[in-house]
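Worksheet: the structure to be examined is printed underneath.
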Amino acid sequence: MDKLINLFVSSGIYQIQWGQAVMIVVGLGLLFLAIKKNFEPLLLVPIGFGGILANIPEAGLAFSAVENALHLGKPELIAQIGQALGIDSVDPKVIKQAYASASHSAHNAAAAVAMDGGFNNGMLYNFYLVAIASGAAPLIIFMGVGAMTDFGPLLANPKTLFLGAAAQFGIFATVLGAVGLTALGLMEFSIQDAAAIGIIGGADGPTAIYVASLLAPQLLGAIAVSAYSYMALVPMIQPPIMRALTTPEERKLAMTQLRPVSKTEKIMFPLVLLILVAMLLPDAAPLLGMFCFGNLMRECGVVERLSDTAQNALINIVTIFLGLSVGSKLSADKFLDINTLGILGLGIIAFGIGTACGVLMAKLMNKFSSTPINPLIGSAGVSAVPMAARVSNKIGLEANPQNFLLMHAMGPNVAGVIGSAVAAGVMIKFVG
Amino acid sequence: MDKLINLFVSSGIYQIQWGQAVMIVVGLGLLFLAIKKNFEPLLLVPIGFGGILANIPEAGLAFSAVENALHLGKPELIAQIGQALGIDSVDPKVIKQAYASASHSAHNAAAAVAMDGGFNNGMLYNFYLVAIASGAAPLIIFMGVGAMTDFGPLLANPKTLFLGAAAQFGIFATVLGAVGLTALGLMEFSIQDAAAIGIIGGADGPTAIYVASLLAPQLLGAIAVSAYSYMALVPMIQPPIMRALTTPEERKLAMTQLRPVSKTEKIMFPLVLLILVAMLLPDAAPLLGMFCFGNLMRECGVVERLSDTAQNALINIVTIFLGLSVGSKLSADKFLDINTLGILGLGIIAFGIGTACGVLMAKLMNKFSSTPINPLIGSAGVSAVPMAARVSNKIGLEANPQNFLLMHAMGPNVAGVIGSAVAAGVMIKFVG
Amino acid sequence: MDKLINLFVSSGIYQIQWGQAVMIVVGLGLLFLAIKKNFEPLLLVPIGFGGILANIPEAGLAFSAVENALHLGKPELIAQIGQALGIDSVDPKVIKQAYASASHSAHNAAAAVAMDGGFNNGMLYNFYLVAIASGAAPLIIFMGVGAMTDFGPLLANPKTLFLGAAAQFGIFATVLGAVGLTALGLMEFSIQDAAAIGIIGGADGPTAIYVASLLAPQLLGAIAVSAYSYMALVPMIQPPIMRALTTPEERKLAMTQLRPVSKTEKIMFPLVLLILVAMLLPDAAPLLGMFCFGNLMRECGVVERLSDTAQNALINIVTIFLGLSVGSKLSADKFLDINTLGILGLGIIAFGIGTACGVLMAKLMNKFSSTPINPLIGSAGVSAVPMAARVSNKIGLEANPQNFLLMHAMGPNVAGVIGSAVAAGVMIKFVG
Amino acid sequence: MNSSNLINEGLALMGFGMGFVFVFLTLLVVMTTLMSRLVNRFLPEPVPVPAKPRAAAAPAAGAGDQEQLVAVISAAIRQYRSRHKQ
Amino acid sequence: MNSSNLINEGLALMGFGMGFVFVFLTLLVVMTTLMSRLVNRFLPEPVPVPAKPRAAAAPAAGAGDQEQLVAVISAAIRQYRSRHKQ
Amino acid sequence: MNSSNLINEGLALMGFGMGFVFVFLTLLVVMTTLMSRLVNRFLPEPVPVPAKPRAAAAPAAGAGDQEQLVAVISAAIRQYRSRHKQ
Ligand code: NA
Ligand code: NA
Ligand code: NA
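Chains as they are written, first to last, in my numbering: chain X, 1 to 432; chain H, 433 to 864; chain A, 865 to 1296; chain B, 1297 to 1382; chain C, 1383 to 1468; chain U, 1469 to 1554.
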């Protein structure tokens, strides 16, 4: 009879907290958006599912051994964990906070006490450690993205790199927005948090996850969900801004055909970019280094089997675990916070400002350029490859059914990837 | 000359122990069964080969740094390891036992001493740590199995879930058998051991390995070998039981055709199952969570590339290392034990009882059901997907050459997978 | 303004050291050889790129947390690291040396201090730990090589194993060369270093990396670069030696057609080899065990999906990380050393001697053999599969356009793989 | 542990275990049947979703999706916080 | 280590190493040849095993397989334990 | 950190950040343009390298490759060591 009661008392129905129930619904909502609305399903299906798993009551899948011990352990064990962290309290909440900000050694000492007490890391927590805390998963995905990227259109018209630069203004404006909200007392973001939130405006999932894991791991869930959701919403967010900032004549502007680009140029480009990174911004070296490596494997033509694997088996495997790991950060205590709303609000502003700056930069460049530049390709500078370029193309076709902008927009589109990785490096350098 | 002697003294021929030679022959026997008799070769080839590797004399491939140090180290080092484990003895056997039951911290302390002394974990031991001790490999394989599973037949006839429930009686009867053997003084199984042995009756490899790794790691080799061997023997074990418990008339019974199942139902099912697990049995959440995740990736239709990878590259990679890791538990000192015989004997009883209970349950349901239920599909409830369903079909065709039961038997067959994962969760909850 | 100065002061341009610049050029040179000259591109592209990444100033990608702390940390932190290593000095160089030779525990203690101080392992260093220091990557690649190897020609003519034995003389002659150079005071190689360098003569990349990681990790970069470069140069290195040691008549010698080999023989061979390794040389068990496992998966015919994965997705993934990890050892402070020149020089000598011994052995065997043996197939005994066999074939065709030696040369070619793995085992046994 | 204790443990495990397995799978039968009925009533015979190329599918998302996303999540947070006032 | 010692070590390594490589590969030649002869005598020209679909192949396993499995392993364990009586 | 400090930090990050992004991408434009010109002048319209089977491609390597390899690396090392005389 004890066992039956025990079974019921430790069952989800008895133990579920309001927040967990809400987050399970949020997880189902993400799955709905991913499956029925095609919101970046490759990431949002694992993230949404991981979010549900993370909120299963009593399972502790998203928690470390220490967190599980603080939740389920006996008072003596909890007190021992407190001692390992060098504090006197026996209040699990106080100990949890100390654990979150503990040094590497204190962290390990607490973990040893918890494991001696029979508690273990949850499955999703282990996935998180291996995939994200190590930094590996976003970098490997970025390598795969590099192996999928064709820099041909960019090489044919390198000026479009400026569009990729301009669109990063969304990132930094959002940083300012985040510190502004904090200054107004509405939210509580540190400068690190603000920087990590800003990167949402880079419209580049792996970069956002990489930066968030370094600068603001506690916000990682909200930042990743926000980044991928808005990337999926690019076809809704961008067109009104693009139409508002351009005249019909500008939108009709036809661009001159792109010159062919030789194989050698394509092989050289990732190396040129790598050298520039090496000379100017070592903090962007992991991100852009792996990206360039992927692209070199693609273009060099002698390692097709490695390039294929980087674009398929490897990136798929890593995506599954990256998504589940991000989902582990959707546990109620981390996600259901007023800051999450702030992040969602700021994220969309970042996209809007980035789009606007890209378009305005394109208008400016068109004034000074010898060859015409259709301002619509500016919006593609936010990256969100290849969706933003497709949006440029679509709005262009509405104005002039003979005007195919897709290839022209691919230049700023991939430039935006480089731009946001550079911005990420600056963030890590200054506030990391 | 010293070197020559040294080479010979440390060679396998000089050092081999009787048990190792026997286990190498057992490993060759498993390879023979796998290759020539088609006994679950995907698992038994790596397990058999790993078993041979684990028994190479002096190579220590299956041993931890501490075990290797205890075997080959100098007396001072062995004494130091004893001290790290908090015991005074210098007898390697005593120290080894203390090491096996040491706390996490003592374990690490002993490992540090051994590594300072120049000893390292063997290759297979490292594979075991990463693949099985972490829990990752069985869960990833279960995800892949989920991505390969079609719940259509089950959804068309949900009542067949009861058959999957009934067949789990084999599991619990075996638990009772194991404790009975211990009560009689024939074997020495703890309740944890008994639970892990019982799971063999679930006829589900990854579930058995997952449960054994949590409850009785020292029996893992025998349990996994037993589970996969008997799964391969399903076409021999089940038919006589099925024939004994049914009349020819019952076996001729034709079932009504299954209704078509919509895409949406298939997408919803893994989520319904997940929610139920979350509410009722959090301890089954890792297993069934990953299984449902795999199935959702399969059915949702928007992440084909992830689903493909989960079903191919990823599951294959993990299978290789899972098999070798299981093989590492076939070292003579762990496997050549009277308990292993008990496990082999109990395993086949579990299969038999599960089969019988499934058939009897189907007969019972047929009495109360509005639509006819052929009792032969009951035996498929033990899982062993898809072999058990094929056996149902074959015996059905013998009785009535027009009666194709395969799709009807797939319902209880996949229900059996869910049933044994639920049983696994109960075991982990109560005795874990 | 501080920030701007800070940005510039920590940029690559300001901080780059001469050695790093040189090594970036060396990395570009390796990429050039790989891409334009087809020098083993599957390995040299990742190695070359990893070499560039490892030398990005201030990024510390190839360094451990301790090394990064010693380079960038404050004096107090550096002193603490020194204490953790048990030395009194505050000189980073002294501490670095102590760290390099520290015991496992001291190593961990120093790492804990560095991480508490906010420093982390670089990305490439982590790749190195997981891929090479664990021993996993070369072994997994060797498994894949086993799954790609057809022992048919060897089984049809087992005597060609002697050619694979003779060609290993290059390995041991090189060991003698290395200790000779040290005795002459020109270089400073320990016997471990000499053994690791000798293995270059085995013409087998994963074996060389495995041995170097165990015996001389600080030389791993130079050894791997040397091994793969010379393997690519086999078509240049071997022909003059082969022509010098044979008469035109000998080169024209036609060999009798190989007998067909049955499936069962092919399945049995990896098991026979494994048993022999188990009995005679446990230290070669990891290498040859994984090799035999791969080959058994290939030949047994019941685990095609595992065999496919071992030959494709898995080996490709591991190759990417192995290459980058080897590249991490091309950091200027490790590579730009007079010893590297010695390794490059000795490596080519090893190839030459191995080739010569193979040819001479073939001439000798031809004297005593009942069936004719063309001496040209002897050179294939160095391995470098399948390039060396192709060279034998080509030189043979020059002498006699009707004489196709390719299949005959595949026997010694794969025998060379076994031979150098055995030699590796002996090295590990005696000086490991 | 003496042997009768062990047997008792085994019997308890069997009783609870089989009981729980049946309860669980019975609930699963109920919920699955319910789900199927709901799906077939409210989302009847859905036009088989062909794996549309994503480019085409994505813009098909209704215009209100973004408001919806923020609205749903903010409602969730509001409700959560109203319960957890500190 | 002084240099003549080092050279001696190198020479010893060469001697033992090459010796061992030859011994090992000679034994491999012998065992391989023997294995091939045995295979070709007792399992001559096996009907090329086409990768049969597993469903078909599995039931082909002889009826005695399960007894065989248990018998072989129990014989092994018995023999082992008879030697290792404590 | 008080709020005006935080805002200042944000402004500084924006200024430096956007500045750096523009400087970086401007340099990339310059270097890419330069690279393209050099490639098109000195390696014009390279015969499209079809992924030749490696067997064919490898022997095509010039006979001097090995000397070249050693020469390049030894030059590098010499130069390095001449600077770093201890
Ligand atoms: Na971007
Ligand atoms: Na089952
Ligand atoms: Na070789």
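We treat Cβ as the ideally placed atom computed from N, Cα and C, and that holds for glycine.
From D88 of chain X to I513 of chain H, what distance separates their C-alpha atoms? About 33 Å.
Ligand 2 heavy atom lying under 8 Å from the CB of V1182 of chain A: Not so, every heavy atom of ligand 2 lies at least 8 Å from the Cβ.
By how many angstroms is the C-alpha of M410 of chain X removed from the C-alpha of Q168 of chain X? Taking the straight line joining both Cα atoms gives about 16 Å.
Close Cβ partners of G425 of chain X (< 6 Å) along its chain, the five nearest in sequence each way excluded: The residues L281, D283 and A284, in chain order, have a CB closer than 6 Å to that of G425 of chain X in the same chain once the five nearest residues on each side in sequence are set aside.
Going along chain B in order, which residues have a C-beta closer than 7 Å to the C-beta of P590 of chain H? Neighbours of P590 of chain H on chain B, chain order: V1325, T1328 and T1329.
If you measure from the CB of V849 of chain H, is any heavy atom of ligand 2 nearer than 8 Å? Checking every heavy atom of ligand 2 against the Cβ of V849 of chain H, one is found closer than 8 Å.
Just reading off the alpha helix (DSSP H) that S1189 of chain A is part of, what are its end residues? A1177 to G1191 is the extent of the alpha helix (DSSP H) around S1189 of chain A.
Comparing the CB of G1028 of chain A with every heavy atom of ligand 3, is any distance shorter than 8 Å? Checking the Cβ of G1028 of chain A against ligand 3 gives yes.
Let me confirm a value: N121 of chain X is counted as buried when at least 16 other C-beta atoms fall within 10 Å, else exposed. Which label applies? So N121 of chain X ends up on the buried side.
Which chain B residues sit within Cβ distance under 9 Å of T678 of chain H? Under a criterion of Cβ atoms nearer than 9 Å, no residue of chain B is adjacent to T678 of chain H; the nearest Cβ is some 23 Å distant.
S262 of chain X and L124 of chain X: beta carbons closer than 9 Å? Not in contact: S262 of chain X and L124 of chain X (Cβ atoms no closer than 9 Å).
V814 of chain H Cβ short of 8 Å to ligand 2 heavy atom set: For V814 of chain H, the shortest separation between its Cβ and any heavy atom of ligand 2 lies below 8 Å.
I911 of chain A versus V545 of chain H - alpha carbon distance: Distance between the alpha carbons of I911 of chain A and V545 of chain H is about 35 Å.
Just checking: is the beta-carbon of A491 of chain H within a distance shorter than 9 Å of some beta-carbon in chain A? Yes, contact with chain A.
Return yes when the C-beta of S824 of chain H is under 8 Å from any heavy atom of ligand 2, and no when it is not. Answer for S824 of chain H: no, Cβ out of range of ligand 2.
CB-CB under 6 Å to G1280 of chain A, same chain, minus the five flanking residues each way: which ones, in chain order? The beta carbon of G1280 of chain A sits closer than 6 Å to the beta carbons of G1028, A1031, G1245, V1246 and S1247 from its chain, once the five residues preceding and following it are set aside; these are given in chain order.
So that I know if they touch, is there some Cβ in chain U lying closer than 9 Å to that of E398 of chain X? Answer no: the Cβ-Cβ gap between E398 of chain X and chain U never drops below 9 Å.
Are there any heavy atoms of ligand 2 lying less than 8 Å away from the beta-carbon of D636 of chain H, as far as the coordinates show? A distance criterion of 8 Å places the beta-carbon of D636 of chain H in contact range of ligand 2, judged by its closest non-hydrogen atom.
Relative to ligand 1, is the shortest distance from any of its heavy atoms to the C-beta of S852 of chain H smaller than 8 Å? Not one heavy atom of ligand 1 lies closer than 8 Å to the C-beta of S852 of chain H.
Report yes or no: do the region 125-134 of chain X and the region 319-335 of chain X share at least 3 C-beta pairs separated by less than 8 Å? Contact between the region 125-134 of chain X and the region 319-335 of chain X is present: 3 or more CB-CB pairs across the two stretches fall below 8 Å.
Verify the CB distance criterion: does M575 of chain H have a CB-CB separation below 9 Å to chain A? Not closer than 9 Å to any Cβ of chain A, the Cβ of M575 of chain H fails to qualify, so no.
Residue range of the alpha helix (DSSP H) that D333 of chain X falls in? For D333 of chain X, the uninterrupted alpha helix (DSSP H) run begins and ends at A332 to F335, by DSSP.
DSSP on I1292 of chain A, reduced to helix/strand/coil? Residue state for I1292 of chain A is assigned as helix, using DSSP reduced to three classes.
N316 of chain X: buried (16+ other C-beta within 10 angstroms of its C-beta) or exposed? By the neighbour-count definition (other C-beta atoms within 10 Å, threshold 16), N316 of chain X is a buried residue.
Give the secondary structure of F1215 of chain A by DSSP, where H, G and I count as helix, E and B as strand, and everything else as coil. The answer is helix: DSSP assigns F1215 of chain A an H, G or I state.
Taking Cβ-Cβ distances below 7 Å as the criterion, which residues of the region 109-133 of chain X are in contact with chain H? Cβ contacts with chain H: A112, M115, D116, M123 and N126.
Would you verify that the beta carbon of G164 of chain X is, or is not, closer than 9 Å to some beta carbon of chain U? So yes, G164 of chain X belongs to the interface.
Taking any Cβ of chain D, which residues in the region 1109-1132 of chain A have a Cβ under 7 Å from it, in chain order? Protein chains in the displayed structure are X, H, A, B, C and U, and chain D is not among them.
Within 9 Å of any Cβ in chain H, is that where the Cβ of G1358 of chain B sits? Bear in mind that the predicted position of G1358 of chain B carries a pLDDT of just 39, short of 50, making it too unreliable to give a figure here.
Using a threshold of 9 Å, state whether the C-beta atoms of P1124 of chain A and A1253 of chain A are closer than that. Result no, Cβ atoms of P1124 of chain A and A1253 of chain A do not sit closer than 9 Å.
Across the region 45-65 of chain X and the region 718-729 of chain H, are there enough close Cβ pairs to call them in contact, namely three or more that are closer than 8 Å? Output reads yes: the region 718-729 of chain H touches the region 45-65 of chain X.
Consider the Cβ of L665 of chain H: report whether some Cβ of chain A lies at a distance smaller than 9 Å. Not one chain A Cβ lies under 9 Å of L665 of chain H.
Rounding to the nearest angstrom, what Cα-Cα distance links N972 of chain A and L897 of chain A in this structure? Inter-residue distance for N972 of chain A and L897 of chain A is about 39 Å (C-alpha atoms, whole angstroms).
C-beta contact flag for M900 of chain H and I16 of chain X at 9 Å: It is not possible to answer for residue 900 of chain H, since the shown part of chain H is limited to 433 through 864.
Inter-residue Cα distance where the pair is L186 of chain X and S101 of chain X: Taking the straight line from one Cα to the other gives about 24 Å.
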